[in-house]
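408 is the number that this note's numbering gives to position 116 of the sequence shown; each next residue is one higher, with no gaps.
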Amino acid sequence: MVKTPASIFIFTIILSLLGEVSASALCIKNEKANLRKGPGTKHEKLWQVFQYMPFKLLKTKGDWKQVQDLDGDVYWVHGPLTTQKYKCAVIKNNQTNLRKGPGTDHPKVKWAPVDKYFSMKVLKIKNNWVHIEDAAGDKAWVYRPLVWIK
Numbered sequence: 293m294v295k296t297p298a299s300i301f302i303f304t305i306i307l308s309l310l311g312e313v314s315a316s317a318l319c320i321k322n323e324k325a326n327l328r329k330g331p332g333t334k335h336e337k338l339w340q341v342f343q344y345m346p347f348k349l350l351k352t353k354g355d356w357k358q359v360q361d362l363d364g365d366v367y368w369v370h371g372p373l374t375t376q377k378y379k380c381a382v383i384k385n386n387q388t389n390l391r392k393g394p395g396t397d398h399p400k401v402k403w404a405p406v407d408k409y410f411s412m413k414v415l416k417i418k419n420n421w422v423h424i425e426d427a428a429g430d431k432a433w434v435y436r437p438l439v440w441i442k
């Protein structure tokens, strides 16, 4: 096989597409989870996240999952703290409004606005609006482009 720049480029594109298809998502199911530099409690804790934080699953090593967040940062999390039974979302920007219904004609909820990294469980998606529930059980709607869903 001749390795031309074009064939290398096409092969790279095919591999990247296959990697994207095999990647899956997961959510934090516990109240809190520590994200670490490596797979194990002896590795440095880099960040603590709350329930419903979504991640892209990269790989598994024993009971540990290597995950990627909305910013592209990579961490390790203890697998039993995660679930793939439902979708989760996280706010992408500070001062994001949450509403009582799917549209700007609905009033904001009392506890809005929320900031980046506020995580939620996805209940349903209606057009460009996402019905969410936070860890306290409060429900609201958020405009789809303002969240990262996994």
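Even glycine gets a Cβ: it sits at the ideal position worked out from N, Cα and C.
8 Å contact criterion, which Q343 and N322 should meet: CB distance rounded: Between N322 and Q343 the Cβ distance is about 6 Å, and since that is below 8 Å, they are a contact.
Counterpart residues of E323 in DSSP-defined beta bridges: E323 pairs with nothing; no bridge assigned.
Residues near V369 in its chain [Cβ-Cβ closer than 6 Å; skip 5 each side]: Closer than 6 Å at Cβ, skipping near neighbours: A325, L327, K357, V359.
Burial state of D430 (16 or more Cβ within 10 Å): With fewer than 16 other Cβ atoms from the protein chains shown falling within 10 Å of its own Cβ, D430 counts as exposed.
Beta-carbon separation (whole angstroms), I383 vs K408, contact threshold 8 Å: Your pair I383 and K408 checks out as a contact, with CB atoms roughly 6 Å apart and the cut at 8 Å.
Three or more C-beta pairs below 8 Å linking the region 434-441 and the region 375-394: The region 434-441 is in contact with the region 375-394.
Environment of Y378 [buried if 16+ CB atoms lie within 10 Å]: It is exposed - the Cβ of Y378 has fewer than 16 other Cβ atoms within 10 Å.
Helix, strand or coil at L390 [DSSP, three-state]: Here DSSP, grouped into helix, strand and coil, assigns L390 to coil.
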